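Structure record follows, encoded as C-alpha coordinates.
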Amino acid sequence: MTPDEAALVITNYYFAPVEGERWQVTPERFAEAARDRWPNCTTRLIEGDDGTPAEVEFAMTFSNGAQRSGSYDPRSLGLHGYAALDAAEFMSWFVTMLDPDVRVLFNNAESIEDGDYDDHVLPRAMGLRPMAEALATHLAGALLGE
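Going by the working numbering, the first residue of the sequence shown is number 50, and it counts up by one from there.
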(Lines of atoms letter the chains of each structure in order from A and count residues from 1; the text may use other names and numbers.)
(Lines give C-alpha, C1' and ligand atoms only; values in the text may rest on other atoms or scores of the structure.)
Protein backbone atom coordinates (compact mmCIF):
# COMPACT_ATOMS: atom_id res chain seq x y z
CA MET A 1 0.00 0.00 0.00
CA THR A 2 1.33 3.42 -0.90
CA PRO A 3 1.16 6.45 1.39
CA ASP A 4 -1.32 8.05 -1.05
CA GLU A 5 -3.62 5.03 -0.66
CA ALA A 6 -3.11 4.95 3.11
CA ALA A 7 -4.03 8.65 3.33
CA LEU A 8 -7.59 7.70 2.36
CA VAL A 9 -7.95 4.99 5.01
CA ILE A 10 -10.22 5.87 7.93
CA THR A 11 -8.48 4.69 11.09
CA ASN A 12 -7.52 5.67 14.63
CA TYR A 13 -4.54 7.84 15.42
CA TYR A 14 -2.97 8.12 18.86
CA PHE A 15 -0.70 10.90 20.05
CA ALA A 16 1.32 11.25 23.24
CA PRO A 17 4.09 13.29 24.77
CA VAL A 18 7.45 11.58 25.24
CA GLU A 19 7.15 8.74 27.74
CA GLY A 20 6.65 9.91 31.30
CA GLU A 21 5.77 13.47 30.33
CA ARG A 22 2.40 15.25 30.43
CA TRP A 23 1.02 17.95 28.22
CA GLN A 24 0.28 21.13 30.15
CA VAL A 25 -3.16 21.51 28.52
CA THR A 26 -5.88 20.69 31.06
CA PRO A 27 -9.00 18.81 29.95
CA GLU A 28 -11.07 21.94 30.65
CA ARG A 29 -8.81 24.13 28.48
CA PHE A 30 -8.80 21.51 25.72
CA ALA A 31 -12.63 21.33 25.75
CA GLU A 32 -13.02 25.11 25.67
CA ALA A 33 -10.47 25.54 22.87
CA ALA A 34 -12.07 22.73 20.81
CA ARG A 35 -15.50 24.35 21.10
CA ASP A 36 -13.97 27.69 20.06
CA ARG A 37 -12.27 26.09 17.03
CA TRP A 38 -15.24 23.93 15.96
CA PRO A 39 -18.49 25.61 17.03
CA ASN A 40 -20.37 22.34 16.48
CA CYS A 41 -18.00 20.45 18.80
CA THR A 42 -19.57 18.66 21.74
CA THR A 43 -17.47 17.80 24.76
CA ARG A 44 -17.94 15.69 27.88
CA LEU A 45 -15.57 16.03 30.83
CA ILE A 46 -14.88 12.85 32.76
CA GLU A 47 -13.84 13.17 36.38
CA GLY A 48 -10.90 11.35 37.88
CA ASP A 49 -10.80 9.68 41.28
CA ASP A 50 -10.15 13.04 42.92
CA GLY A 51 -13.32 14.58 41.45
CA THR A 52 -11.55 16.92 39.04
CA PRO A 53 -11.77 16.62 35.25
CA ALA A 54 -9.21 14.05 34.08
CA GLU A 55 -10.30 13.46 30.48
CA VAL A 56 -12.52 14.95 27.80
CA GLU A 57 -14.41 13.13 25.06
CA PHE A 58 -15.28 15.20 22.00
CA ALA A 59 -17.09 15.00 18.67
CA MET A 60 -17.45 17.45 15.81
CA THR A 61 -18.18 17.81 12.10
CA PHE A 62 -15.33 19.06 9.92
CA SER A 63 -15.81 21.56 7.10
CA ASN A 64 -15.86 18.69 4.58
CA GLY A 65 -18.84 17.15 6.41
CA ALA A 66 -16.81 14.38 8.05
CA GLN A 67 -17.96 13.51 11.58
CA ARG A 68 -15.05 12.82 13.91
CA SER A 69 -14.57 12.04 17.59
CA GLY A 70 -11.82 11.43 20.09
CA SER A 71 -10.60 11.69 23.64
CA TYR A 72 -7.93 13.74 25.39
CA ASP A 73 -6.09 13.63 28.67
CA PRO A 74 -2.72 15.23 29.46
CA ARG A 75 -0.93 11.94 28.67
CA SER A 76 -2.67 11.02 25.40
CA LEU A 77 -4.91 12.12 22.57
CA GLY A 78 -6.91 9.60 20.56
CA LEU A 79 -8.58 10.45 17.26
CA HIS A 80 -11.12 7.83 16.26
CA GLY A 81 -12.19 7.32 12.66
CA TYR A 82 -9.95 9.87 10.92
CA ALA A 83 -8.27 9.99 7.53
CA ALA A 84 -4.67 11.25 7.58
CA LEU A 85 -5.57 14.75 6.37
CA ASP A 86 -8.36 15.12 8.96
CA ALA A 87 -5.99 13.96 11.72
CA ALA A 88 -3.34 16.39 10.48
CA GLU A 89 -5.88 19.24 10.43
CA PHE A 90 -6.83 18.44 14.01
CA MET A 91 -3.22 18.14 15.15
CA SER A 92 -2.15 21.35 13.42
CA TRP A 93 -4.70 23.04 15.69
CA PHE A 94 -3.78 21.10 18.84
CA VAL A 95 -0.02 21.71 18.67
CA THR A 96 -0.63 25.47 18.79
CA MET A 97 -1.50 24.95 22.48
CA LEU A 98 1.87 23.30 23.18
CA ASP A 99 5.31 24.80 23.63
CA PRO A 100 7.18 24.72 20.28
CA ASP A 101 9.86 22.36 21.58
CA VAL A 102 7.43 19.68 22.84
CA ARG A 103 7.75 16.50 20.77
CA VAL A 104 4.46 14.85 19.85
CA LEU A 105 4.65 11.12 19.22
CA PHE A 106 2.07 9.29 17.10
CA ASN A 107 0.97 5.81 16.18
CA ASN A 108 -2.01 3.84 14.91
CA ALA A 109 -1.92 1.45 17.86
CA GLU A 110 -2.84 2.53 21.35
CA SER A 111 0.71 2.64 22.63
CA ILE A 112 3.78 4.30 21.22
CA GLU A 113 6.61 1.84 20.64
CA ASP A 114 9.51 2.00 23.08
CA GLY A 115 12.94 2.92 21.84
CA ASP A 116 13.58 4.87 18.65
CA TYR A 117 10.94 7.57 18.47
CA ASP A 118 12.30 9.29 15.37
CA ASP A 119 9.81 7.59 13.02
CA HIS A 120 6.97 8.50 15.36
CA VAL A 121 7.51 12.22 15.92
CA LEU A 122 4.89 14.46 14.36
CA PRO A 123 6.56 17.06 12.11
CA ARG A 124 5.20 20.32 13.52
CA ALA A 125 7.25 23.06 11.92
CA MET A 126 6.23 22.68 8.30
CA GLY A 127 2.45 22.72 8.50
CA LEU A 128 -0.49 20.54 7.59
CA ARG A 129 0.80 18.69 4.49
CA PRO A 130 3.97 17.23 6.11
CA MET A 131 1.88 16.11 9.09
CA ALA A 132 -0.60 14.31 6.81
CA GLU A 133 2.24 12.74 4.82
CA ALA A 134 3.95 11.47 8.00
CA LEU A 135 0.70 9.96 9.26
CA ALA A 136 -0.09 8.32 5.90
CA THR A 137 3.47 6.97 5.45
CA HIS A 138 3.43 5.48 8.93
CA LEU A 139 0.01 3.92 8.36
CA ALA A 140 1.09 2.45 5.00
CA GLY A 141 4.06 0.79 6.73
CA ALA A 142 1.87 -0.49 9.56
CA LEU A 143 -0.67 -1.96 7.12
CA LEU A 144 2.14 -3.72 5.26
CA GLY A 145 3.55 -5.06 8.54
CA GLU A 146 6.82 -3.12 8.35
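Quick reminder that beta carbons are idealized off the backbone N, C-alpha and C, glycines included.
Note that the structure is predicted; figures quoted are calculated from it, not measured.
The alpha carbon of Phe143 has as its nearest neighbour, out of Gly114, Met180, Gly130, the alpha carbon of Met180. Separation of Val151 and Thr145 (C-alpha to C-alpha, rounded to the nearest whole angstrom) is 11 Å. Selection Arg124, Ala108, Pro123 evaluated against Arg117 yields Ala108 as nearest (Cα-Cα). When DSSP states are grouped into helix, strand and coil, Ala137 belongs to the helix group. By the Cβ neighbour-count rule, Pro66 is buried, with 16 or more other Cβ atoms within 10 Å of its own. Residue burial annotation: Asn156 is buried, with at least 16 other C-beta atoms found within 10 angstroms of its C-beta.
In this chain, the beta strand (DSSP E) harbouring Asp122 covers 116 to 122.
The continuous alpha helix (DSSP H) containing Thr186 extends over residues 177 to 192.
Around the Cβ of Asp135, a 10 Å sphere holds 16 or more other Cβ atoms; the residue is buried.
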